[in-house]
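Trainee: Residues in the sequence shown are numbered consecutively from 1, following the UniProt record's numbering.
Just so it is clear, CB atoms sit at the ideal spot from N, CA and C, and this is done for glycine as well.
Predicted model only: the values in this text are computed from it and were never measured.
Questions regarding the structure given below will be posed in turn.
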Amino acid sequence: MSQSNLRDGQHSVQTHGTETSQLINSSNGNQPSERPGSKQSGSMLKSIFDLENQFEFYGQYHSNLINILTHIVCVPAIFFSAIVLVHSSQIFPTADQNRLYGKSGTYFDFNLSTIVSICYGVFFTILEPISGGTLCLLLVSAGHWSNLIYENSEDQSFLIRVTWIVFGLSWILQFVGHGKFEKRAPALIDNLFQSLVLAVLFVWLEVWFYFGYRPELRNRLKLKIDRAILEYRSRKSSMKNKLDDSKINQAEANSNNRDGL
Numbered sequence: 001m002s003q004s005n006l007r008d009g010q011h012s013v014q015t016h017g018t019e020t021s022q023l024i025n026s027s028n029g030n031q032p033s034e035r036p037g038s039k040q041s042g043s044m045l046k047s048i049f050d051l052e053n054q055f056e057f058y059g060q061y062h063s064n065l066i067n068i069l070t071h072i073v074c075v076p077a078i079f080f081s082a083i084v085l086v087h088s089s090q091i092f093p094t095a096d097q098n099r100l101y102g103k104s105g106t107y108f109d110f111n112l113s114t115i116v117s118i119c120y121g122v123f124f125t126i127l128e129p130i131s132g133g134t135l136c137l138l139l140v141s142a143g144h145w146s147n148l149i150y151e152n153s154e155d156q157s158f159l160i161r162v163t164w165i166v167f168g169l170s171w172i173l174q175f176v177g178h179g180k181f182e183k184r185a186p187a188l189i190d191n192l193f194q195s196l197v198l199a200v201l202f203v204w205l206e207v208w209f210y211f212g213y214r215p216e217l218r219n220r221l222k223l224k225i226d227r228a229i230l231e232y233r234s235r236k237s238s239m240k241n242k243l244d245d246s247k248i249n250q251a252e253a254n255s256n257n258r259d260g261l
């Protein structure tokens, strides 16, 4: 066989192999890879606006009644005290051009406290239009009242000290609720965004659910939460059993070593 024919044969095999590889990839549904991170970021953004998915995660950490009641009291206290502290920081100071005046001499400050309140409220309205919409009104009002309370306080330094006490005590009570009654670390450990933002909506929804709002949603969420809690406890029990077995094996090994000596 000539060298020319040999080269032609090798080229034919290589071409055939390439075509076969392309055909296999096509049949397996392989597509050109997407831009790194684009699919993940899109999925993350979608999950943020998925109310049921978010509430299911939150509910796994808040199934005990005392812990739920603690959060219903403490979460609003944390939010309100936080926006008072934000206003006092003067990060976005109030100025006349940022103040909307009413006919009776009343005014509405447009500063960082009200911006935070409005952003929270709009986000909650998108997630849950009815209960979130009513909460939006309350949050905007809270932002306005935080400004009024601070600006009209005769002793602002004393007000700030009291606000810090309320803020800190509310967090402590929530940790006590998780440790003593829920017997599970707070969601703050696993989902910071949910703890700092969505908790405000979720405690509000707990109240609405209690009064009969959207029972089909409440029941659906309860089933998902109960299943997730059972899975968590099963994993925890399995890990504990493995740890106990490991300790027993270690103790037996130590005993055998002593006997050998």
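Write down the C-beta distance between G143 and S117 rounded to the nearest angstrom, noting that I regard them as a contact closer than 8 Å.
Mentor: 3 Å
Trainee: Take L127 and list the residues in its own chain whose beta-carbon comes closer than 6 Å to its own, dropping the five residues that flank it on each side.
Mentor: L51
Trainee: Specify whether the stretch 82 to 89 and the stretch 168 to 184 touch according to this definition: at least 3 beta carbon pairs, one from each stretch, less than 8 Å apart.
Mentor: Touching, no.
Trainee: Using a threshold of 8 Å, state whether the C-beta atoms of N147 and N111 are closer than that.
Mentor: yes
Trainee: May I have the straight-line CA-CA distance separating D109 from E182, to the nearest angstrom?
Mentor: About 40 Å.
Trainee: Could you give the distance in angstroms between the alpha-carbon of V140 and the alpha-carbon of A185?
Mentor: 31 Å
Trainee: Give the straight-line distance between the Cα atoms of T114 and N241, rounded to the nearest whole angstrom.
Mentor: Taking the straight line joining both Cα atoms gives about 51 Å.
Trainee: What residue does the alpha helix (DSSP H) around F175 start on, and which one ends it?
Mentor: For F175, the uninterrupted alpha helix (DSSP H) segment begins and ends at 156 to 176.
Trainee: Give me the Cα-Cα distance between F158 and W164, rounded to the nearest whole angstrom.
Mentor: 10 Å
Trainee: For P215, which of helix, strand or coil comes out of DSSP?
Mentor: helix
Trainee: Buried or exposed: where does Y210 fall if 16 or more other Cβ atoms within 10 Å of its Cβ makes it buried?
Mentor: Exposed, by the Cβ-count rule.
Trainee: Which term fits G179, buried or exposed, when burial requires 16 or more other beta carbons within 10 angstroms of its beta carbon?
Mentor: Answer is exposed; the Cβ neighbour count stays below 16.
Trainee: Just the C-alpha distance for E206 and P129, rounded to the nearest angstrom, thanks.
Mentor: 16 Å
Trainee: Using only the alpha-carbon positions, how far apart do H71 and V200 sit?
Mentor: Straight through space, the alpha carbons of V200 and H71 are spaced by roughly 9 Å.
Trainee: So, helix, strand or coil for residue 288, using DSSP?
Mentor: As displayed, the chain neither begins before 1 nor continues past 261, which places residue 288 out of reach and without an answer.
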